[in-house]
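Here's the structure, in structure tokens; my notes come after.
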Amino acid sequence: MTEATGVDQLITETADRLFTQICDHEAVQNAEAVGAAPEIWSAFAETGFPWISIDEDLGGSGGTLLDALEVLRLVGYHAAPIPAAETGVLGGWLLANSGHEIPAGPITVLPNGTSNIEASLSGDQMTLTGTCVRVPWARIAERIAVLVEVDGQSMVASVDPTDCVIQPMSNMAGEPRDTVCFEGTKAPAAPCVAGVNPEAFRFRGALSRAALMAGAIEKMSQLTVTYTNDRIQFGRPVARFQAVQQHLVWGAQEAAIARMAAETAGREANRGSAFFEIAAAKLITNQAAARATKACHQAHGAMGMTQEYPLHHYSRRLWSWRKEYGGDAEWSKWLGNAAISQGADGLYALVTGGSSVLS
Amino acid sequence: MSDLTEEQIRSELDSILERRSAATRLTTMGAGSDDLDDGRGYLATTVEGGWHVPTWPTQHGGRGASPSQNALIGRLLREFVVPDLYPFAIGLGMVGPALLAHGTESQQDEWLRPIASGASIWCQMFSEPEAGSDLANVALKADQDGEEWVLSGQKTWTSRAMWADWAICLARTDPDQPKHKGLTMFSLPIDTPGVEVRPLTQMNRDAHFSEVFVSDARVLDSWRIGERGEGWRVAMTVLAHERAGGGSRGGGDGNARGVRVPGWISDLQTLGVAEGQVWRDEVSEIYAHDSVSRWTSQRAADEARATGVPGPAGSGAKLRTVRSYKDRAYLANRSGGSYGMLIEGPGYIETMTAPSMSIRGGTDEIQRNILGERVLGLPGEPRLDRDAPWRESRRGLL
Numbered sequence: 632m633t634e635a636t637g638v639d640q641l642i643t644e645t646a647d648r649l650f651t652q653i654c655d656h657e658a659v660q661n662a663e664a665v666g667a668a669p670e671i672w673s674a675f676a677e678t679g680f681p682w683i684s685i686d687e688d689l690g691g692s693g694g695t696l697l698d699a700l701e702v703l704r705l706v707g708y709h710a711a712p713i714p715a716a717e718t719g720v721l722g723g724w725l726l727a728n729s730g731h732e733i734p735a736g737p738i739t740v741l742p743n744g745t746s747n748i749e750a751s752l753s754g755d756q757m758t759l760t761g762t763c764v765r766v767p768w769a770r771i772a773e774r775i776a777v778l779v780e781v782d783g784q785s786m787v788a789s790v791d792p793t794d795c796v797i798q799p800m801s802n803m804a805g806e807p808r809d810t811v812c813f814e815g816t817k818a819p820a821a822p823c824v825a826g827v828n829p830e831a832f833r834f835r836g837a838l839s840r841a842a843l844m845a846g847a848i849e850k851m852s853q854l855t856v857t858y859t860n861d862r863i864q865f866g867r868p869v870a871r872f873q874a875v876q877q878h879l880v881w882g883a884q885e886a887a888i889a890r891m892a893a894e895t896a897g898r899e900a901n902r903g904s905a906f907f908e909i910a911a912a913k914l915i916t917n918q919a920a921a922r923a924t925k926a927c928h929q930a931h932g933a934m935g936m937t938q939e940y941p942l943h944h945y946s947r948r949l950w951s952w953r954k955e956y957g958g959d960a961e962w963s964k965w966l967g968n969a970a971i972s973q974g975a976d977g978l979y980a981l982v983t984g985g986s987s988v989l990s
Numbered sequence: 488m489s490d491l492t493e494e495q496i497r498s499e500l501d502s503i504l505e506r507r508s509a510a511t512r513l514t515t516m517g518a519g520s521d522d523l524d525d526g527r528g529y530l531a532t533t534v535e536g537g538w539h540v541p542t543w544p545t546q547h548g549g550r551g552a553s554p555s556q557n558a559l560i561g562r563l564l565r566e567f568v569v570p571d572l573y574p575f576a577i578g579l580g581m582v583g584p585a586l587l588a589h590g591t592e593s594q595q596d597e598w599l600r601p602i603a604s605g606a607s608i609w610c611q612m613f614s615e616p617e618a619g620s621d622l623a624n625v626a627l628k629a630d631q632d633g634e635e636w637v638l639s640g641q642k643t644w645t646s647r648a649m650w651a652d653w654a655i656c657l658a659r660t661d662p663d664q665p666k667h668k669g670l671t672m673f674s675l676p677i678d679t680p681g682v683e684v685r686p687l688t689q690m691n692r693d694a695h696f697s698e699v700f701v702s703d704a705r706v707l708d709s710w711r712i713g714e715r716g717e718g719w720r721v722a723m724t725v726l727a728h729e730r731a732g733g734g735s736r737g738g739g740d741g742n743a744r745g746v747r748v749p750g751w752i753s754d755l756q757t758l759g760v761a762e763g764q765v766w767r768d769e770v771s772e773i774y775a776h777d778s779v780s781r782w783t784s785q786r787a788a789d790e791a792r793a794t795g796v797p798g799p800a801g802s803g804a805k806l807r808t809v810r811s812y813k814d815r816a817y818l819a820n821r822s823g824g825s826y827g828m829l830i831e832g833p834g835y836i837e838t839m840t841a842p843s844m845s846i847r848g849g850t851d852e853i854q855r856n857i858l859g860e861r862v863l864g865l866p867g868e869p870r871l872d873r874d875a876p877w878r879e880s881r882r883g884l885l
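As you go down the protein sequences, you meet chains R and E in turn.
For this note's numbering, count along the first sequence from 1 and bump the result up by 631.
For this note's numbering, count along the second sequence from 1 and bump the result up by 487.
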């Protein structure tokens, strides 16, 4: 375990090596064309990575939330086309904390809430009716973890996707974001343990995206440095031009800012309440993504716009992820309200103390 | 031809074109449909009156209009439905003006009217893998063989090649001259034996750019535009017209008469975005910037019309127009909540196209260099390869 990040170094090295082997440009390109990447998922699942941070006696792989977020950072870094966040820190977390069995295959969740769904409970069976949109990877999921509130109690239903109608849709990066119709779908349901509820889920979703985005921005920055050193125009590598160097600096500093924000939020979440840090991290990574994609695309010139060069795997994911689990406006508003609620005298304490001040 | 009044022009246009309404939405330049018929129909309709390229001579599909008359016609055309002319833009906006400046009389007779009427589509074979921003580094070679030239090499980022009938092609005719001096411009039919077009798919899934492979393609000397060794000068004319946006009339939001709110803002209103104070600030800022962009472009175009040669103002106009496009795309994409991440979501095409806007037709960096050197008189970038023979300089001196 390294002092700086609190993450087991072995996890970083193993995950990075695995993705380097299985997620090359062609594999990611192909996953987009097909809408799934079963080989990549199998190799990933074989290592037990998807279930890190879920206790072993609950069917997980053990390890901390920080370890799981480090894997997500690398999923983003390699543009791995798999439902890693959904299966682990989101769906796995919901199922494990409501006494459901963790399936062997991928899990997904409903990122946009369940206000469109009617849920009725009869004993330990829930009946669901309604439509949920932009559900990540629903088409390949073995279970959909549906989090609903019934009479003020958070419940999770473990839904078999074959009992639903799934309409394939895609985000800008060509990742599945399917429409799922529940038509009187029946599924076993159970109450959640304390602290697992729609609000906590929403923040956890934002945290997962911040980790993915930090990885993707870092990779984009590195690709850009490499490309501009190789690309020769006017008799020298374009990286020697000051105007291009400015883009490289933008890319690199956004990568550093995004990673710092995501890791800080992860550390706080691993300790306890982290709403403030997560809100800030998602807003920061959203904004960093906008600036970094702009700078990295510009430094690449026309090559970065083509399918055959990998930059688009990262930029298109960032443009999609920045809108999931809260866009800029939503988190800006949340942070603004949090600051206002502390009053002028409480602002400094909030900025320095973070979520611990809010509780 | 004597100048017409605003009302006379409007009434002429009314007899051949449909008015825009607030609901009119046309496609985005370069990311539009593959439908050539709309543009072709429009150009065939307007060529008789010379309405689309008013300054061109009447016999070539224009109406010999004065600069001020041309500006007025351009403004009034925005009140009518003008389809996306993306497929035709190189011929109308770039090759045409270059032929008027550098072409022979018989070249003008042969090529201009089919451009104006939409009968022939042109593409521009300029960029190469090693000649992007550094365009003067082109390596595609042309060797003279009696009354013909033999061309071999590779071009890339050739937009519209799959539709084109003709191409203009910048070629290296004299490798022992410094890089800007050994170039010559040619025209060639795109179906010339030895020319092969391979589509290059972009990240927005658009395949309107191509690589063009040329091996021993034979081109008539009478298709050479300008003198041997003058290719760079001709290319600069073409590129200056590209920056001035000469080809881009058509498509876009336009102005329905009496309607002040542009389509992109009414779209945001439909999404309910215009309600929030912060969004309103951003919308207003973009609207203001957009208006200035439009005026800057008009000023650049007017200046070009007055002098006959587009100047550095076109670089300023392009920088502004690109920024406006990007800001609108960013706003539209964020406005739809997480719906906006879907391929079907608002601003998808614009978001995926936006990064290319500051690259195609000369990067922002190149445009700023032009402004720095030609407007502000700042010292130029060091160009150690300027006087060395291209054969030497292409290996890289710095």
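Don't be surprised by glycine CBs; every beta carbon is placed ideally from N, CA and C.
Everything numeric in this text was worked out from a predicted model, so none of it was measured.
For E955 (chain R), the nearest CB of chain E lies under 8 Å from its own CB, placing it at the interface with that chain.
Per DSSP, reduced to three states, the secondary structure at T671 (chain E) is strand.
Taken in chain order, the complete alpha helix (DSSP H) segments of 4 or more residues contained in the stretch 764-818 of chain E are 764-794. Cβ atoms of T855 (chain R) and V869 (chain R) stay farther apart than 8 Å, at about 11 Å. With at least 16 other beta carbons inside 10 angstroms of its own, D698 (chain R) counts as buried.
Contact between the stretch 762-774 of chain R and the stretch 790-809 of chain R is present: 3 or more CB-CB pairs across the two stretches fall below 8 Å.
Looking from the CA of P714 (chain R), the closest CA among R:D791, R:R774, R:T760, R:D647 belongs to R:R774. Under the three-pair Cβ rule at 8 Å, the stretch 719-729 of chain R counts as touching the stretch 823-833 of chain R. Put simply, the stretch 522-537 of chain E touches the stretch 600-619 of chain E. At least three CB pairs are less than 8 Å apart.
For F865 (chain R), a Cβ of chain E is located within less than 8 Å of the residue's own Cβ.
In the DSSP assignment, P584 (chain E) falls within the alpha helix (DSSP H) that extends over 583-589.
If you draw a straight line from the Cα of L966 (chain R) to the Cα of W877 (chain E), it comes to about 58 Å. Here D655 (chain R) is exposed. Its C-beta has fewer than 16 other C-beta atoms within 10 Å.
Within 10 angstroms of the beta-carbon of I971 (chain R) lie fewer than 16 other beta-carbons, which makes it exposed.
In this model, G580 (chain E) and I863 (chain R) are separated by some 30 Å (Cα to Cα). In this structure, L949 (chain R) sits away from A887 (chain R), with a CB-CB distance that is not shorter than 8 Å. Counting only Cβ-Cβ distances below 9 Å, S771 (chain E) has no contacts in chain R at all, with the closest Cβ about 16 Å away.
Counted as a single uninterrupted DSSP element, the alpha helix (DSSP H) harbouring I602 (chain E) occupies residues 592-603.
Nearest CB-CB separation between S801 (chain R) and chain E: below the 8 Å threshold. Counting C-beta pairs with one atom in each stretch, the stretch 713-733 of chain E and the stretch 799-806 of chain E have three or more that are closer than 8 Å, which means they touch. Residue range 808-822 is occupied by the beta strand (DSSP E) that includes T810 (chain R). Using a 10 angstroms sphere on the CB of W543 (chain E), the tally of other CB atoms reaches 16 or more, which defines it as buried. Under the three-state reduction of DSSP, I888 (chain R) is assigned to helix. The shortest C-alpha to C-alpha distance from E860 (chain E) to any of E:L871, E:E879, E:A800 is the one to E:A800.
Proximity of A825 (chain R) to chain E, defined by a Cβ-Cβ separation below 8 Å, is not satisfied.
Secondary structure of K666 (chain E) (DSSP, three-state): coil. M844 (chain E): not part of any beta strand (DSSP E); member of the alpha helix (DSSP H) spanning 835-844, first to last residue. Under the 8 Å criterion on CB atoms, I846 (chain E) is classed as interfacial with respect to chain R. Using a CB distance below 7 Å, no part of the stretch 679-706 of chain R faces chain E. Neighbourhood of R947 (chain R) in chain E, by CB distance below 8 Å: M690, M839, in chain order.
In terms of Cβ geometry, A772 (chain R) and P799 (chain R) do not form a close pair [threshold 8 Å].
Short of 6 Å from the beta carbon of G718 (chain E), and not among the five residues preceding or following it, lie these beta carbons of its own chain, in chain order: L657, L670, T671, M672.
The C-alpha of A912 (chain R) lies about 56 Å from the C-alpha of R497 (chain E). Taking one beta carbon from each stretch, the stretch 953-961 of chain R and the stretch 910-927 of chain R have 3 or more pairs nearer than 8 Å; the two touch.
Beta bridge pairing from DSSP links K642 (chain E) with E:V699.
Taking a Cβ-Cβ cut-off of 8 Å, the neighbours of T850 (chain E) in chain R comprise Q929, G932, given in sequence order.
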